[in-house]
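Here's the structure we're looking at; comments come further down.
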Amino acid sequence: MASSSQIQPQPGAGRIAAAMAGQPQAVLIVLLLLLCGAISLAAAQFYSLANIIAILRQSALVLIVAAGMTTLLIGGEVDLSVGASLAFTGCVAMDATNRSGSVPVGALAALAFAGAVGLFNGLVVTRLRVNSLIATIATMMILQGGVYLYTREAVQNQHHLAAFTGIGAGYLGAFPIPVLLAAAVFAAVYIALRHTLFGRYTYALGANPIAARLSGLRVRRLKLAGFVITGLLVGVTGLILCSLMNAGQPTAGRGFELTVIAAVILGGTSLAGGRGSLIGTLLGVLVLKVIDNGIIILRWNQDFQMVVPGVVIVAATWLDTVRVRRRAV
């Protein structure tokens, strides 16, 4: 039986934290509106069409990978190699495009490489039974060194193919292509998580791995699928980023994994697994990218763009702990 101290509301910060933990999406919507209002008061160009498109384009890059990371975290796993894989993928895509003179070949090379990285991570975790945190840190280190063995400098677009630069900078009608790709990925992953057996089994696996295994779920296949899906989505993002820069940059993905994880856990996905929302992830991405954009247009020190995800990870993890304690009472 719970004690009176457990069921009584906590004063001050504890009560606020409990309210935030209970309604993470509502809190994010309010926070997003407040941020937009405050930044627009300080810089009128915040609401310009060009700036809004820039925010959406940058948000698209994070959201595509964050959709895969949400799936992984719900299933109780994590992938810290996505940033290093992103940079390596861009170099592979640009190199394959240069060698073949074909944009589809470059795109397939990007997807194949990033998917192989995801498969490798999944096999290390499921077959060798290495903790995913340790396994993907090791993969990150391998990729960070490997990309410099592959190329010592940026891989430029030698053929100046307009079709290649159009992937990241182009439009389909009035909409930027990266935003449309992110919307398609979001819709596909949302349907998979909410309306398929794969999604239901992933939630069950993250909530109670032992019960999932005893009930006959193919735990290894579920985890492997999560890593491969995340890898393929890194391939899509790596191709877009390479197109935006018109080159493959070996340093392009530094810190990207922190931004992705910060967005996902800020959106309410539990580090303990079994709980999460792709809509929450979308809101988390928008909050972080609006903050980044505000830092730029207000001409603050851009090093704050690395500080913010770290602060968000600490705060969101604390709120997740509060949420778990509330459920346990």
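Residue numbers (our numbering): 40 to 368. All residues carry an ideal CB built from backbone N, CA and C; glycine is no exception.
Beta-carbon contacts of residue i that lie in its chain and below 7 Å, excluding the five residues immediately before and after
| i | result |
| --- | --- |
| Pro-215 | Ile-92, Leu-95 and Arg-96 |
| Leu-272 | Ile-103, Val-104, Ala-106, Gly-107 and Val-224 |
| Ala-123 | Met-179, Leu-182, Gln-183 and Gly-292 |
| Ser-79 | Phe-85 and Tyr-86 |
| Ala-148 | Val-131, Ala-132 and Ala-135 |
Bounding residues of the alpha helix (DSSP H) (the contiguous stretch that carries residue i)
| i | result |
| --- | --- |
| Thr-178 | 171 to 189 |
| Gln-197 | Gln-197 -> no alpha helix (DSSP H), and no H or E assigned at all. |
| Gly-277 | 258 to 284 |
| Gln-288 | First-last for Gln-288: undefined, no H or E at that position. |
| Asp-331 | 317 to 336 |
| Glu-116 | Run containing Glu-116: none; DSSP gives neither H nor E here. |
| Phe-295 | 295 to 305 |
| Leu-244 | 236 to 246 |
| Ala-135 | 121 to 139 |
| Gln-64 | 63 to 81 |
| Ala-153 | 142 to 165 |
Outcome for residue i when other beta-carbon atoms lying within 10 angstroms are tallied against a minimum of 16
| i | result |
| --- | --- |
| Asp-342 | exposed |
| Gln-197 | exposed |
| Ser-282 | buried |
| Glu-192 | exposed |
| Tyr-187 | exposed |
| Arg-362 | buried |
| Gln-288 | buried |
| Gly-313 | buried |
| Gly-294 | exposed |
| Ser-254 | exposed |
| Gly-245 | buried |
| Ala-250 | exposed |
Spatial neighbours of residue i in its chain, beta-carbon cut-off 6 Å, leaving aside the 5 residues before and after
| i | result |
| --- | --- |
| Arg-260 | none |
| Ala-354 | none |
| Asp-331 | Gln-344 |
| Ser-43 | In this prediction, Ser-43 scores a pLDDT of 42, lower than 50, which makes its location untrustworthy; the coordinate-derived value is nonetheless stated afterwards. If we look at Ser-43 and ignore the five residues flanking it on each side, it has no Cβ neighbours. |
| Thr-308 | Thr-109, Leu-112 and Gly-315 |
| Glu-379 | Limits of the chain in this structure are 40 at one end and 368 at the other, which puts residue 379 out of reach. |
| Ala-231 | Phe-237 and Gly-238 |
Any non-hydrogen atom of the ligand ATP closer than 6 Å to residue i Cβ
| i | result |
| --- | --- |
| Gly-212 | Only the bare structure without any ligand can be found here, which leaves the ligand ATP out of the picture. |
DSSP beta-bridge partners of residue i
| i | result |
| --- | --- |
| Tyr-33 | The structure shown does not extend to residue 33, since the chain spans only 40 to 368, so no value can be given for it. |
Could you say if the segment 79 to 91 and the segment 340 to 355 meet the contact criterion of at least three C-beta pairs nearer than 8 Å? no
Quick check: the segment 307 to 322 against the segment 67 to 80, are at least 3 beta-carbon pairs closer than 8 Å? yes
Do the segment 149 to 159 and the segment 218 to 238 touch if we need at least three Cβ pairs shorter than 8 Å? no
Between the segment 200 to 210 and the segment 263 to 280, do at least 3 Cβ pairs fall closer than 8 Å? yes
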